[in-house]
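**Q** My structure is below; once you've seen it, I'll send some questions.
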Amino acid sequence: MSEEPEPSTRAEHLATLERIFDKWESMTDRVKQIRQASRQSNKVAGVNPGSLIEDAVAPINEQYPTATISTDISVDASTQVPAILLDAVRELVENAAKADTDATINVEVTPAENEWVELRVCDDGPGLPEIEAHALETGNETDLDHGQGLGLWMVRMITTQIGGDISVELNEKGTEINLHIPTK
1 MSEEPEPSTR AEHLATLERI FDKWESMTDR VKQIRQASRQ SNKVAGVNPG
51 SLIEDAVAPI NEQYPTATIS TDISVDASTQ VPAILLDAVR ELVENAAKAD
101 TDATINVEVT PAENEWVELR VCDDGPGLPE IEAHALETGN ETDLDHGQGL
151 GLWMVRMITT QIGGDISVEL NEKGTEINLH IPTK
């Protein structure tokens, strides 16, 4: 006859299952977000970068009130970038805030040559793991060498689908992610 597990053991097992189901639910939500972003990339509406950054940062400010998030938009008010970037910028800022809830995060947009802009997200957190940085820059992953989540993959997908590219700088001050984006 099998013995009934102790109540504390049952509670531990239930807590483990709950964490697993929460993670699955989160991954399912992320896949839905990626699918929606993929479908929207063909309908690339233009939006002012200042408005886009403001919309991306607002929910992160509420969710992570101890993080300090600043913005610096140094492009002409008539500049337009693809609206689909909202999800990518929100993901980068949220990723930085999750890594260090007391982080200082700076989001800036500056003009680049030939109707392009540089969108930069810098933080003073623990730094993006090199494997994640490599996957974000190159899109190359293997079964043994891959990132941990879908969020940065979504950032790469959005950026490349609109014709942009990504660079990542890791240093003792934290992480700097640059999106080189075409204007509309």
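Residue numbering for the sequence shown follows the UniProt record's numbering, beginning at 1 and increasing consecutively.
Here a beta-carbon is modelled for each residue, glycine too, at the ideal position from N, C-alpha and C.
These numbers come from a predicted model, not from an experiment.
1. I'd like the list of long-range same chain contacts for THR101, defined as Cβ closer than 7 angstroms, with 5 residues on each side in sequence excluded.
2. In angstroms, rounded to a whole number, what distance separates the CA positions of ILE158 and PRO5?
3. If contacts are defined as beta-carbon pairs under 8 angstroms, then VAL107 and ILE53 qualify, I think. What distance do you get, rounded to the angstrom?
4. Can you tell me the Cβ-Cβ gap for ILE105 and ALA97, rounded? I've got them flagged as a contact below 8 angstroms.
5. Rounding to the nearest angstrom, what Cα-Cα distance links ALA135 and TRP153 in this structure?
6. For ALA58, count neighbouring Cβ atoms within 10 angstroms of its own Cβ and tell me buried if that reaches 16, exposed if not.
7. Between the alpha carbons of GLU169 and PRO7, how many angstroms are there, rounded?
8. Which ranges does the beta strand (DSSP E) cover as unbroken runs of at least 3 residues, wholly within the segment 52-106, from first to last along the chain?
**A** Looking at the atomic coordinates:
1. In the sequence shown, counting from the first residue as 1, residue 101 sits at position 101. Spatial neighbours of THR101 in its own chain (CB-CB distance under 7 angstroms, excluding positions within 5 residues in sequence) are listed in chain order as TYR64, THR66 and ALA67.
2. Taking the first residue of the sequence shown as 1, we reach residue 158 at position 158. Taking the first residue of the sequence shown as 1, we reach residue 5 at position 5. Roughly 48 angstroms separates the two Cα atoms.
3. Translated into positions along the sequence shown, residue 107 becomes position 107. Translated into positions along the sequence shown, residue 53 becomes position 53. Confirmed, about 5 angstroms.
4. Here residue 105 is taken as the residue at index 105 of the sequence shown, counted from 1. Here residue 97 is taken as the residue at index 97 of the sequence shown, counted from 1. About 7 angstroms; that satisfies the 8 angstroms criterion.
5. For the purposes of this step, residue 135 is taken as the residue at position 135 of the sequence shown. For the purposes of this step, residue 153 is taken as the residue at position 153 of the sequence shown. Note on geometry: alpha-carbon atoms of ALA135 and TRP153 lie some 8 angstroms from one another.
6. Along the sequence shown, one-based indexing puts residue 58 at 58. Per the 10 Å Cβ criterion, exposed.
7. The sequence position of residue 169 within the sequence shown is 169, counting from 1. The sequence position of residue 7 within the sequence shown is 7, counting from 1. If you draw a straight line from the Cα of GLU169 to the Cα of PRO7, it comes to about 49 angstroms.
8. The DSSP assignment places 68-73 as complete runs of the beta strand (DSSP E) inside the segment 52-106, in order along the chain (cut-off: 3 residues).
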